[in-house]
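*Asks:* Residue numbers (full-length UniProt numbering): 1 to 226.
(1) Taking all protein chains shown into account, do 16 or more other C-beta atoms lie within 10 angstroms of the C-beta of residue 207, making it buried, or fewer, making it exposed?
(2) Cutting at 7 Å between CB atoms, please list the residues of its own chain near residue 177, excluding the five before and the five after it.
(3) Whose C-beta lies closer than 6 Å to the C-beta of residue 221 among residues of the same chain, with five residues either side of it excluded?
(4) Measure the CB-CB distance between residue 61 and residue 123 and report whether it falls below 8 Å.
(5) Go ahead and pull the three-state DSSP assignment for residue 227.
(6) Taking one C-beta from the stretch 79 to 87 and one from the stretch 131 to 139 each time, how about it: are there three or more such pairs within less than 8 Å?
(7) Put residue 62 into one of helix, strand or coil per three-state DSSP.
(8) Measure from the alpha carbon of residue 129 to the alpha carbon of each residue in 215, 38, 189, then state which is nearest.
(9) Checking 8 Å against the spacing of the C-beta atoms, do residue 113 and residue 192 come in under that value?
(10) Residue 261 by DSSP, collapsed to three states: which one?
(11) What are the complete alpha helix (DSSP H) segments, minimum 4 residues, inside the stretch 44 to 94?
(12) Taking only three categories from DSSP, how would you classify residue 35?
(13) Could you name the residues of the same chain whose beta carbon sits closer than 6 Å to that of residue 201, not counting the 5 residues immediately before and after it, in chain order?
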């Protein structure tokens, strides 16, 4: 009977134990960090609670649909996701197959994702995977566009492409999204971004994920760092 109980707990650990399991397994694994994205403690919020809330776009599960402005950004997030999935697409390759591929790989990371949030998300696995895919693809596409935008601004040669973009049409919107994506509670795990990026852009030399720094390089380019 004791062995049977142990097997059940081993195959289906309760949600509260997942961060502990992942934390132990991630001690020597730089790509997985349990409790790396957590809620801001009440003692730090104080009277400035609004300062910790995104104003324009939610990234991750904590602030989904929390305001009207954030709800209105959902359509733009889906548009950005679609255009990111179209990048590097081979002729004849169906977009739906890419969505299925990303969905499969992100769903297998459910424990890692939950542990990153310290177990503080009650979304069921498929819904959490959807948030990771939509928000992750949106963020990667935004970073791509921001990198181009930053470079063109530096060269004083901003193209007309940005005038038709729902975010980049207004510099204030760009700054608002950048500010939102740096908020402590408004994040998704880096390992999710790297996984999505590698599904769309396989590493040319087949390097392991921990040696693939292209997402970090994209962030640096987007924020104007050399």
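Here a beta-carbon is modelled for each residue, glycine too, at the ideal position from N, C-alpha and C.
*Replies:* If we stick to the structure as given:
(1) The sequence position of residue 207 within the chain shown is 207, counting from 1. Exposed, since its Cβ has fewer than 16 Cβ neighbours within 10 Å.
(2) Taking the chain shown and counting its residues from 1, one reaches residue 177 at position 177. So the qualifying residues of the chain are 56, 57, 142, 167.
(3) As a first step, residue 221 must be located in the chain shown, where it is residue number 221. Excluding positions up to five away in sequence, the list reads 147.
(4) As a position in the chain shown, residue 61 is number 61, starting the count at 1. As a position in the chain shown, residue 123 is number 123, starting the count at 1. One thing to note: residue 61 has its Cβ within 8 Å of the Cβ of residue 123.
(5) Residue 227 cannot be examined here, being either before or after the span of the chain that is shown, 1 to 226.
(6) Result yes; three or more Cβ-Cβ pairs closer than 8 Å.
(7) Here residue 62 is taken as the residue at index 62 of the chain shown, counted from 1. Shown here, residue 62 sits in coil according to DSSP, grouped into three states, outside any helix or strand.
(8) Taking the first residue of the chain shown as 1, we reach residue 129 at position 129. Among 215, 38, 189, the Cα nearest to that of residue 129 belongs to 189.
(9) What you label residue 113 is simply residue 113 of the chain shown in a count that begins at 1. What you label residue 192 is simply residue 192 of the chain shown in a count that begins at 1. Note that the C-beta distance between residue 113 and residue 192 is below 8 Å.
(10) Nothing about residue 261 can be read from this structure; the chain reaches only from 1 to 226.
(11) Within the stretch 44 to 94, the runs of alpha helix (DSSP H) at least 4 residues long that lie entirely inside it are, in chain order, 68 to 72, 74 to 85.
(12) Within the chain shown, numbered from 1, the residue matching residue 35 stands at position 35. Residue state, collapsed to three classes: coil.
(13) Taking the first residue of the chain shown as 1, we reach residue 201 at position 201. The beta carbon of residue 201 lies closer than 6 Å to those of 88 in the same chain, with the five residues before and after it left out.
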